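Undergrad: Protein sequences, first through last, are from chains A and B. The first sequence: position 391 = 391 (the UniProt record's numbering), numbered continuously. The second sequence: position 304 = 304 (the UniProt record's numbering), numbered continuously. Cβ atoms here follow ideal geometry from the backbone N, Cα and C, with glycine treated the same way. Since this is a predicted model, take the numbers as computed values, not measurements. I am attaching a structure below and will ask some questions about it afterwards.
2 protein chains.
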Amino acid sequence: MTDVDLDIATLHGSLGDRALSSMNFLNQIASEYPDAISFAAGRPYEGFYDPEHLHHYLRLFRAHLEHDLGYDEREVTRALFQYGRTKGIINDLVARQLATDEQIIADPESIVVTVGCQEALFLVLRALRATADDVVLAPVPTYVGLTGAARLADLPVHPVRTTGAGLDLDDLVAGLYALRAAGRRPRAIYVTPDFANPTGVSMTVADRHRLLDIADREDVLLLEDNAYGLLADDRLPTLKSLDRHARVVYLGSFAKTGLPGARVGFAIADQKVTGGGIFADELSKIKSMLTVNTPPVAQAVIGGRLLAGGGSLVAANEREIAVYRANLRQVLDGLARRFSGDVSWNTPTGGFFVTLTVPFRADDGMLAHSARVHGVLWTPMHHFYGGTGGFHELRLSCSVLTHEAIEVGLDRLAKFFEEIS
Amino acid sequence: MTDVDLDIATLHGSLGDRALSSMNFLNQIASEYPDAISFAAGRPYEGFYDPEHLHHYLRLFRAHLEHDLGYDEREVTRALFQYGRTKGIINDLVARQLATDEQIIADPESIVVTVGCQEALFLVLRALRATADDVVLAPVPTYVGLTGAARLADLPVHPVRTTGAGLDLDDLVAGLYALRAAGRRPRAIYVTPDFANPTGVSMTVADRHRLLDIADREDVLLLEDNAYGLLADDRLPTLKSLDRHARVVYLGSFAKTGLPGARVGFAIADQKVTGGGIFADELSKIKSMLTVNTPPVAQAVIGGRLLAGGGSLVAANEREIAVYRANLRQVLDGLARRFSGDVSWNTPTGGFFVTLTVPFRADDGMLAHSARVHGVLWTPMHHFYGGTGGFHELRLSCSVLTHEAIEVGLDRLAKFFEEIS
Numbered sequence: 001m002t003d004v005d006l007d008i009a010t011l012h013g014s015l016g017d018r019a020l021s022s023m024n025f026l027n028q029i030a031s032e033y034p035d036a037i038s039f040a041a042g043r044p045y046e047g048f049y050d051p052e053h054l055h056h057y058l059r060l061f062r063a064h065l066e067h068d069l070g071y072d073e074r075e076v077t078r079a080l081f082q083y084g085r086t087k088g089i090i091n092d093l094v095a096r097q098l099a100t101d102e103q104i105i106a107d108p109e110s111i112v113v114t115v116g117c118q119e120a121l122f123l124v125l126r127a128l129r130a131t132a133d134d135v136v137l138a139p140v141p142t143y144v145g146l147t148g149a150a151r152l153a154d155l156p157v158h159p160v161r162t163t164g165a166g167l168d169l170d171d172l173v174a175g176l177y178a179l180r181a182a183g184r185r186p187r188a189i190y191v192t193p194d195f196a197n198p199t200g201v202s203m204t205v206a207d208r209h210r211l212l213d214i215a216d217r218e219d220v221l222l223l224e225d226n227a228y229g230l231l232a233d234d235r236l237p238t239l240k241s242l243d244r245h246a247r248v249v250y251l252g253s254f255a256k257t258g259l260p261g262a263r264v265g266f267a268i269a270d271q272k273v274t275g276g277g278i279f280a281d282e283l284s285k286i287k288s289m290l291t292v293n294t295p296p297v298a299q300a301v302i303g304g305r306l307l308a309g310g311g312s313l314v315a316a317n318e319r320e321i322a323v324y325r326a327n328l329r330q331v332l333d334g335l336a337r338r339f340s341g342d343v344s345w346n347t348p349t350g351g352f353f354v355t356l357t358v359p360f361r362a363d364d365g366m367l368a369h370s371a372r373v374h375g376v377l378w379t380p381m382h383h384f385y386g387g388t389g390g391f392h393e394l395r396l397s398c399s400v401l402t403h404e405a406i407e408v409g410l411d412r413l414a415k416f417f418e419e420i421s
Numbered sequence: 001m002t003d004v005d006l007d008i009a010t011l012h013g014s015l016g017d018r019a020l021s022s023m024n025f026l027n028q029i030a031s032e033y034p035d036a037i038s039f040a041a042g043r044p045y046e047g048f049y050d051p052e053h054l055h056h057y058l059r060l061f062r063a064h065l066e067h068d069l070g071y072d073e074r075e076v077t078r079a080l081f082q083y084g085r086t087k088g089i090i091n092d093l094v095a096r097q098l099a100t101d102e103q104i105i106a107d108p109e110s111i112v113v114t115v116g117c118q119e120a121l122f123l124v125l126r127a128l129r130a131t132a133d134d135v136v137l138a139p140v141p142t143y144v145g146l147t148g149a150a151r152l153a154d155l156p157v158h159p160v161r162t163t164g165a166g167l168d169l170d171d172l173v174a175g176l177y178a179l180r181a182a183g184r185r186p187r188a189i190y191v192t193p194d195f196a197n198p199t200g201v202s203m204t205v206a207d208r209h210r211l212l213d214i215a216d217r218e219d220v221l222l223l224e225d226n227a228y229g230l231l232a233d234d235r236l237p238t239l240k241s242l243d244r245h246a247r248v249v250y251l252g253s254f255a256k257t258g259l260p261g262a263r264v265g266f267a268i269a270d271q272k273v274t275g276g277g278i279f280a281d282e283l284s285k286i287k288s289m290l291t292v293n294t295p296p297v298a299q300a301v302i303g304g305r306l307l308a309g310g311g312s313l314v315a316a317n318e319r320e321i322a323v324y325r326a327n328l329r330q331v332l333d334g335l336a337r338r339f340s341g342d343v344s345w346n347t348p349t350g351g352f353f354v355t356l357t358v359p360f361r362a363d364d365g366m367l368a369h370s371a372r373v374h375g376v377l378w379t380p381m382h383h384f385y386g387g388t389g390g391f392h393e394l395r396l397s398c399s400v401l402t403h404e405a406i407e408v409g410l411d412r413l414a415k416f417f418e419e420i421s
């Protein structure tokens with residue numbers, strides 16, 4: 001007998017997908033050059049993290065169970081240690097935060113607490129994929145997590161063009177018509193109205209209203225991903241807060257506003273389901289066979305973080321918001337001081353990302369060169385185009401860097417650009 | 001405009017599946033009769049849990065990062081708060097525990113730490129399902145989590161008969177031949193050699209060797225689920241410890257040996273993949289699009305629990321093992337004192353479950369009656385047969401009950417049986 005040798009050609013097709021290998025490649029480059037200054041990492045700022053906070057959050061949540069919910073000692077222990085409700089155990093705190101910070105009024109029962117926003121995304125796409133005709137629409141460029149989750153659910157993604165103001169709504173409508181004419185069934189439109197990853201672009205309020213009207217008229221769901229919206233000064237209304245007909249499934253994340261290490265996100269899914277409950281209950285059924293429930297220990301940490309901010313994450317993130325504002329300002333000013341002519345960039349008012357357009361091919365080989373020779377990392381935008389474009393664009397992330405690192409990093413970027421021009 | 005109304009017929013087929021609704025039904029009955037004595041709950045014993053342990057475990061893991069791995073303060077904070085490696089951050093501790101407790105020698109890099117064993121199961125089934133011809137084999141009755149995960153991966157399950165000694169290996173071989181003759185591609189055999197859920201049955205050592213030989217000869221993988229094996233006095237070698245050709249993907253859980261509230265499990269997947277890395281790397285790629293990584297905070301809690309036991313979960317669970325031993329003994333003795341003739345049961349030497357065979361139809365209606373009138377809960381075995389059998393069997397779980405509750409519960413069960421005979 002010889003050892004087992006699986007052939008990748010006999011494994012699920014997603015494993016050959018560009019989206020899944022993109023993440024691997026980018027992580028690998030980052031780990032090969034640990035001393036490079038990284039404009040690639042989209043992680044939140046970590047300067048205010050302190051391991052003692054975990055203990056503080058756990059104690060706050062425990063006190064909440066005892067004093068606000070009236071749990072006795074045995075019930076508190078059970079809530080933290082045992083399996084819990086599939087839908088989650090912090091739904092009331094999440095609903096309160098959404099009402100306080102986002103003017104979203106959500107029944108806690110319409111919320112499913114998930115292992116990060118990524119699980120919420122997969123649950124929704126898995127639920128919506130019933131036949132080979134089903135399709136989801138998404139902007140190009142788009143977050144690779146959407147592409148990957150859709151691939152795992154065997155759900156094709158139809159690309160929608162984007163402009164400097166986000167989703168091109170005319171191209172969206174044209175796409176919906178074309179898909180239906182071809183016998184396909186458009187199920188949902190994935191969109192990040194606020195400071196989208198990777199572009200940093202936000203939609204105007206008028207476009208948000210128009211998008212909701214299109215979704216109503218064309219009877220498709222909107223999947224609103226809002227990982228960054230809260231961390232800005234100029235905040236526009238979310239689609240969900242404008243939603244009057246349960247048209248929007250809202251995908252929330254506490255990775256940037258709480259802490260990534262808890263891996264807690266959620267979906268608001270308040271749609272009625274004929275022959276079932278509400279959509280949140282159906283998502284919950286799928287979740288019961290995927291992760292059973294989101295770790296109560298992790299939910300307790302995020303619950304405590306929500307309690308620490310008096311229910312508001314805007315309040316809890318005051319210092320972080322100031323850092324992100326200053327970093328973004330510094331990057332935009334620093335670009336203006338160093339570049340002109342054939343290098344251009346957009347000017348987001350918040351979020352983690354800026355898009356640069358450059359006169360050379362900014363591909364993976366060029367990134368490796370930039371890392372090796374100039375000690376600076378960035379993200380080739382083609383990864384977010386599924387390899388179909390974006391070869392002259394790159395994404396700069398400024399969320400995790402210090403003031404000094406940004407200056408040195410931009411200097412290195414300037415030298416790199418100079419060398420290859 | 002009217003509100004969005006989704007039709008369940010247009011959602012993914014799994015949502016109509018019996019496996020997914022079984023769990024819901026059983027949870028609902030349990031929540032309707034909170035004062036009933038429950039032989040239904042398969043949760044671990046909670047008498048030794050104490051919320052302060054969470055803090056202790058977190059501190060132990062932090063000390064491990066500092067002293068054993070030499071992390072500085074910033075690295076410790078980053079490990080706990082930020083996103084982490086998709087494969088996990090406690091792989092070395094898991095490998096050490098497996099070597100100590102199970103005589104399994106696993107490269108930490110062949111381990112993927114998952115959100116409970118359930119995510120590991122889904123990752124493996126998703127990876128193995130490439131075409132509509134693919135199929136997984138599993139015993140009947142079987143754990144609903146297998147049925148549900150397979151449904152989510154659109155992977156059909158071929159049933160294999162079981163005997164009082166577990167998987168019927170002749171029926172297994174016949175099944176493999178029949179599937180291949182019908183043009184299907186058997187990818188793997190799911191099996192729980194130790195104290196299977198729901199039957200409580202274990203495989204003999206001879207059958208374990210024979211099963212490995214069959215898997216080698218027929219070139220299929222074995223998916224070994226081992227959630228209960230460690231919690232017994234008479235421990236037999238796991239398939240993975242006998243595996244010489246990377247034939248076994250081992251699915252591990254810390255829900256019963258650590259705590260369920262951390263939701264941490266893992267897969268050992270050391271198979272080589274032609275055109276890829278090892279199987280663990282491929283599972284990790286899928287995981288990156290499903291949950292990104294297992295919450296580092298939850299991994300830290302389990303890491304601390306492993307450290308608290310000096311690397312051994314057998315040592316850490318000494319008191320729990322004594323409780324499970326006593327409870328199982330008490331249930332078996334109590335059954336013998338109360339029943340005879342047309343009520344019979346098996347006699348597992350460990351694990352959480354005993355199977356009863358009864359002369360009446362033990363279905364959901366009967367369970368509701370038992371709960372309402374007699375205040376005692378159990379699990380109708382038909383839920384584990386996918387509705388195709390087991391209508392005269394029920395599962396008794398004795399893991400979470402006190403000595404007193406078991407006695408009162410068995411008295412109630414006796415009254416219930418008496419009433420309907």
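Check whether the Cβ atoms of B:Ala-120 and B:Leu-230 sit closer than 8 Å, and answer yes or no.
TA: no
Undergrad: Would you check if the distance between the CB atom of residue 462 of chain B and the CB atom of B:Ala-150 is smaller than 8 Å?
TA: Since the first residue of chain B shown is 1 and the last is 421, residue 462 of chain B is not available in this structure.
Undergrad: Which word fits B:Ala-183, buried or exposed, when buried means at least 16 other C-beta atoms lie within 10 angstroms of its C-beta?
TA: According to the sequence shown, residue 183 of chain B is Gly rather than Ala. Result: exposed.
Undergrad: When Cβ atoms are compared, which residues of the stretch 48 to 59 of chain B fall closer than 9 Å to chain A?
TA: Taking 9 Å as the Cβ-Cβ cut-off against chain A, the residues of the stretch 48 to 59 of chain B that qualify are Tyr-49, Asp-50, Pro-51, His-53, Leu-54, His-55, Leu-58, Arg-59.
Undergrad: Under 8 Å: do the stretch 336 to 346 of chain B and the stretch 83 to 103 of chain B share three or more Cβ pairs, one atom per stretch?
TA: no
Undergrad: Check the Cβ of A:Gly-116 against every Cβ in chain B and list those closer than 7 Å, keeping chain order.
TA: Neighbours of A:Gly-116 in chain B, taken as residues at a C-beta separation under 7 Å, are given in chain order as Thr-291, Val-292.
Undergrad: So A:Gln-82 contacts chain B; which residues on that side make the cut at Cβ distance below 7 Å?
TA: Proximity of chain B to A:Gln-82 at the Cβ level (cut-off 7 Å) is accounted for by Arg-43, Glu-46, Pro-260, Gly-261, in chain order.
Undergrad: Only counting the same chain, and skipping five residues up and downstream in sequence, which positions put a Cβ closer than 6 Å to that of B:Thr-86?
TA: Ser-284, Lys-287, Ser-288, Asn-293
Undergrad: Does B:Asn-24 get closer than 8 Å to chain A when you measure Cβ to Cβ?
TA: yes
Undergrad: When you compare the stretch 214 to 225 of chain A with the stretch 155 to 168 of chain A, are there three or more beta-carbon pairs, one atom per stretch, that lie closer than 8 Å?
TA: no
Undergrad: Would you mind telling me which residues of chain A sit closer than 7 Å to B:Ala-130, beta carbon to beta carbon, in chain order?
TA: Those within 7 Å of B:Ala-130 in chain A are Thr-10, Leu-11, His-12, Gly-13.
Undergrad: Run through chain A and tell me which residues come within less than 9 Å of B:Asp-225, C-beta to C-beta.
TA: Against B:Asp-225, chain A offers no close residue; the least beta-carbon distance is about 14 Å (beta-carbon pairs closer than 9 Å).
Undergrad: Give the residues of chain A in contact with B:Phe-266, contact being defined as C-beta atoms less than 7 Å apart.
TA: Here the premise fails: no neighbours, minimum Cβ distance about 14 Å.
Undergrad: At the level of alpha carbons, what is the spacing between B:Ala-130 and B:Leu-413?
TA: Distance between the alpha carbons of B:Ala-130 and B:Leu-413 is about 47 Å.
Undergrad: Below 7 Å CB to CB, which residues in the same chain sit around B:His-245 once its five sequence neighbours on both sides are set aside?
TA: Asp-216
Undergrad: Check whether the Cβ atoms of B:Thr-355 and B:Val-115 lie closer than 8 Å to each other.
TA: No.
Undergrad: Applying the 10 Å Cβ sphere with the 16-neighbour rule, what's the burial state of A:Asp-134?
TA: So A:Asp-134 counts as buried.
Undergrad: So, helix, strand or coil for B:Arg-263, using DSSP?
TA: Coil at B:Arg-263, not helix or strand.
Undergrad: I need the DSSP call for A:Thr-357, collapsed to helix, strand or coil.
TA: strand
Undergrad: Closest by CA to B:Ser-21, which one among B:Ile-111, B:Arg-208, B:Gly-386?
TA: Nearest C-alpha to B:Ser-21: B:Gly-386.
Undergrad: Since A:Asp-7 meets chain B, which of its residues come closer than 8 Å, beta carbon to beta carbon?
TA: Simply Val-273, Thr-274, Gly-275.
Undergrad: Which of the three DSSP states, helix, strand or coil, is assigned to A:Tyr-324?
TA: It is helical.
Undergrad: What did DSSP end up calling A:Asn-293 once you bin it into helix, strand or coil?
TA: coil
Undergrad: In the DSSP assignment, what are the bridge partners of B:Arg-185?
TA: DSSP output for B:Arg-185 lists B:Asp-134 as bridge partner(s).
Undergrad: To the nearest angstrom, report how far apart A:Arg-62 and A:Phe-339 are at their CA atoms.
TA: 53 Å
Undergrad: Taking any Cβ of chain B, which residues in the stretch 179 to 205 of chain A have a Cβ under 7 Å from it, in chain order?
TA: none
Undergrad: If you count every other CB in all the chains shown that lies within 10 Å of the CB of B:Tyr-177, and 16 or more means buried, which is it?
TA: exposed
Undergrad: Could you have a look at B:Ala-174 and say whether DSSP puts it in helix, strand or coil?
TA: In the structure shown, B:Ala-174 sits in a helix (DSSP, three-state: H, G or I).
Undergrad: Would you please verify whether the beta carbon of B:Phe-254 is less than 8 Å from any beta carbon of chain A?
TA: Not an interface residue.
Undergrad: Using 8 Å as the cut-off, can you tell me whether the stretch 399 to 414 of chain B makes contact with the stretch 146 to 160 of chain B, which would need three or more C-beta pairs spanning the two stretches below that distance?
TA: no
Undergrad: With DSSP collapsed to three states, give me the class of B:His-392.
TA: coil
Undergrad: Would you mind telling me which residues of chain A sit closer than 9 Å to B:Phe-384, beta carbon to beta carbon, in chain order?
TA: Simply none; closest approach about 14 Å.
Undergrad: Taking 8 Å as the threshold, find out whether the stretch 75 to 83 of chain A comes into contact with the stretch 311 to 326 of chain A through three or more Cβ pairs.
TA: no
Undergrad: By alpha-carbon positions, which one of A:Ala-174, A:Glu-46, A:Ala-232, A:Phe-25 ends up nearest to A:Gly-350?
TA: A:Ala-232
Undergrad: According to DSSP, is B:Gly-365 part of a helix, a strand, or is it coil?
TA: helix
Undergrad: Quick check: the stretch 249 to 267 of chain A against the stretch 299 to 307 of chain A, are there 3 or more CB pairs under 8 Å?
TA: yes
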